[in-house]
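One structure below.
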Amino acid sequence: MAEIVKVAKGLENVVVDKTAIATTSSSGDLLYRGYKAIDLAEKKSFEDTAFLIINGKLPNEAESLRFKQAIRNNMKIDHSVREIMKINKEKDLMRNIRSMISLYPYAEKDQQGLFLKMDSIIPQLSSDTHNAFNGKPYKDGEGDGYSDTFFSMISDGKHKDNARSFQKLMILYMEHEFNASTFALRVAASTLTDPVSAVCSALATLKGPLHGGANSEVLEYLGSIKSKDDAKNYVDEKILKGEKIMGFGHRVYKRRDPRAQFVKGELKKIAPDYDLFQAAEAIEDYLWEKKNLPANVDLYAAILMKFLGIDESFYLPVFAASRIYGWNAHYFEQVNNNKIIRPAAEYVGPENLTL
Ligand code: COA
Numbered sequence: 005m006a007e008i009v010k011v012a013k014g015l016e017n018v019v020v021d022k023t024a025i026a027t028t029s030s031s032g033d034l035l036y037r038g039y040k041a042i043d044l045a046e047k048k049s050f051e052d053t054a055f056l057i058i059n060g061k062l063p064n065e066a067e068s069l070r071f072k073q074a075i076r077n078n079m080k081i082d083h084s085v086r087e088i089m090k091i092n093k094e095k096d097l098m099r100n101i102r103s104m105i106s107l108y109p110y111a112e113k114d115q116q117g118l119f120l121k122m123d124s125i126i127p128q129l130s131s132d133t134h135n136a137f138n139g140k141p142y143k144d145g146e147g148d149g150y151s152d153t154f155f156s157m158i159s160d161g162k163h164k165d166n167a168r169s170f171q172k173l174m175i176l177y178m179e180h181e182f183n184a185s186t187f188a189l190r191v192a193a194s195t196l197t198d199p200v201s202a203v204c205s206a207l208a209t210l211k212g213p214l215h216g217g218a219n220s221e222v223l224e225y226l227g228s229i230k231s232k233d234d235a236k237n238y239v240d241e242k243i244l245k246g247e248k249i250m251g252f253g254h255r256v257y258k259r260r261d262p263r264a265q266f267v268k269g270e271l272k273k274i275a276p277d278y279d280l281f282q283a284a285e286a287i288e289d290y291l292w293e294k295k296n297l298p299a300n301v302d303l304y305a306a307i308l309m310k311f312l313g314i315d316e317s318f319y320l321p322v323f324a325a326s327r328i329y330g331w332n333a334h335y336f337e338q339v340n341n342n343k344i345i346r347p348a349a350e351y352v353g354p355e356n357l358t359l
């Protein structure tokens, strides 16, 4: 019998495979294919970063234009599907995104092409689901690229000048090595299931409040924090009850989440006096003092999106619409060098029961 290796619960600090897509470097930076994610957010477009994640290199001019056009071509939803959504009237955007993506023809031979279709469709799917549920007309996005078009569909239209800040956030949400949803996708891919099924596993995993779901829960408490004392009282009470504060803590970043600090810097530039921003800073300072817990990206992402006039129901779909490009790269990295992911468990139940 092969040697048994026991690892930490939650696979904490366990390296399970190799990846060339992204890493958190020893200096605490998040790298996409070797480049700092924050540099890409500052200097590159969403599409060029997505191309890099998927193909391992930045595109040249012709590749960049072709890739952008391919995404644009795949962003639109069929009239017939829109009619189904009107009848269906689903409130939960993530549930509908998952259901609609599960209808893609999974047996398609061109798996890269199939992935690109799924990569491009989440903006319109979320916007249409929201509008169908609220009895509003469907809205076609406008804008030069993927994130600008998405932004035009879901923001209140008063912050067009800040579309680039939204794009930066989407770039930072794009990839994060073996996070829970990507790992779920890789487990599915390792069975050699199709891309559609693997993406559905990832979408289902992303939704949980300890993962992507945190960003829509942040605003539930921030609005009531009006002073440093409020922040202190809130944190003390949560710690006393042994409850988690959404938007804080991270499996990998124990001192500083570079994405959180980048988005915080963005908010400092465009909304320094925003009350939610000040409330977040007060909690961040106190939680660090009290428990050495850093803010994670979801804290400042939620505030940025709120400031940009985006309804909370879109926060998680925004994350999904970015991270799906990372999933795309991981699917092929897994299947191209595959071994089925099938760990074992230590059995602690009864044995030898008789009937
Ligand atoms: N609020 C309060 N305490 C927290 C906390 C939070 N958000 N995150 C971690 N802690 C505490 C834990 O209670 C634990 O304390 P203890 O050692 O006194 O028992 C310690 O910090 C370690 O936390 P743990 O949950 O074991 O870390 P993890 O690596 O397993 O989990 C997260 C990481 C992200 C799941 C966790 O930090 C969390 O639940 N955060 C809130 C949800 C969130 O914002 N998710 C988005 C992540 S990008």
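Just so you know, the sequence shown maps onto residues 5 to 359 in my numbering. Note that CB positions come from ideal geometry on N, CA and C, so glycine has one too.
Item	Value
Let me know the secondary structure DSSP gives K40 once reduced to three states.	strand
Applying the 10 Å Cβ sphere with the 16-neighbour rule, what's the burial state of A286?	buried
Where do the N-terminal and C-terminal ends of the alpha helix (DSSP H) with A299 fall, by residue?	Segment: none, A299 is in no alpha helix (DSSP H) and carries neither H nor E.
Taking only three categories from DSSP, how would you classify L34?	strand
Measuring alpha carbon to alpha carbon, tell me which of L226, D261 and K294 ends up nearest A284.	L226
On the criterion of 16 or more Cβ atoms from any shown chain inside 10 Å, does P141 qualify as buried, or is it exposed?	exposed
Please classify Q73: is it buried, with 16 or more other beta-carbons within 10 angstroms of its beta-carbon, or exposed?	exposed
With a threshold of 16 other CB atoms inside 10 Å of the CB of E247, please say whether the residue is buried or exposed.	exposed
Would you decide whether K230 is buried or exposed? Buried here means 16 or more other CB atoms lie within 10 Å of its CB.	exposed
Within this structure, are the beta carbons of E94 and F137 separated by less than 9 Å?	yes
How long is the line joining the alpha carbons of P276 and Q282, rounded to whole angstroms?	8 Å
Less than 8 Å between C-beta atoms, sequence neighbours within five positions excluded: which residues of the same chain meet that for E350?	K10
For A45 and G353, what's the separation of their Cα atoms in angstroms?	49 Å
Can you give me the C-alpha to C-alpha distance between R263 and S159, rounded to a whole angstrom?	22 Å
Which residue wins for smallest C-alpha separation from K295, given the options V301, L320 and I243?	I243
Going by the CB atoms, is the gap between I175 and P321 shorter than 9 Å?	no
Is there contact here, the segment 67-83 with the segment 201-219, by at least three beta-carbon pairs under 8 Å?	no
Helix, strand or coil: which one does DSSP assign to T209?	helix
For the segment 110-188, list the alpha helix (DSSP H) runs that are entirely contained and at least 4 residues long, ordered along the chain.	115-137, 150-158 and 167-176
Quick check: is any heavy atom of the ligand COA less than 8 Å from the C-beta of R242?	At residue 242 the sequence reads Lys, which differs from the Arg that was named. At least one heavy atom of the ligand COA is nearer than 8 Å to the Cβ of K242, so yes.
Give the C-beta separation of M250 and V222 to the nearest angstrom, bearing in mind that I take them to be a contact with Cβ-Cβ under 8 Å.	5 Å
Looking at the ligand COA, does it come within less than 8 Å of A218, judged from the CB to the closest heavy atom?	yes
For my contact list, S169 and G216 are in at a C-beta cut-off of 8 Å; report their separation, rounded to the angstrom.	That belief does not hold up - the Cβ atoms of S169 and G216 are roughly 20 Å apart, past 8 Å.
Taking buried to mean at least 16 other C-beta atoms within 10 Å of its own C-beta, is I346 buried or exposed?	Note that residue 346 is Arg in the sequence shown, not Ile. That one is exposed.
Are at least three pairs of beta-carbons, each pair with one atom in the segment 201-208 and one in the segment 330-337, less than 8 Å apart?	yes
Take A111 as the anchor and find which of D96, P199 and A12 has the nearest alpha-carbon.	P199
Taking Cβ positions, are L56 and K47 nearer each other than 9 Å?	no
Within the continuous alpha helix (DSSP H) that includes T53, where are the two ends?	F50 to N59
Taking A26 as part of the beta strand (DSSP E), name the residues at either end of that continuous run.	A26 to T28
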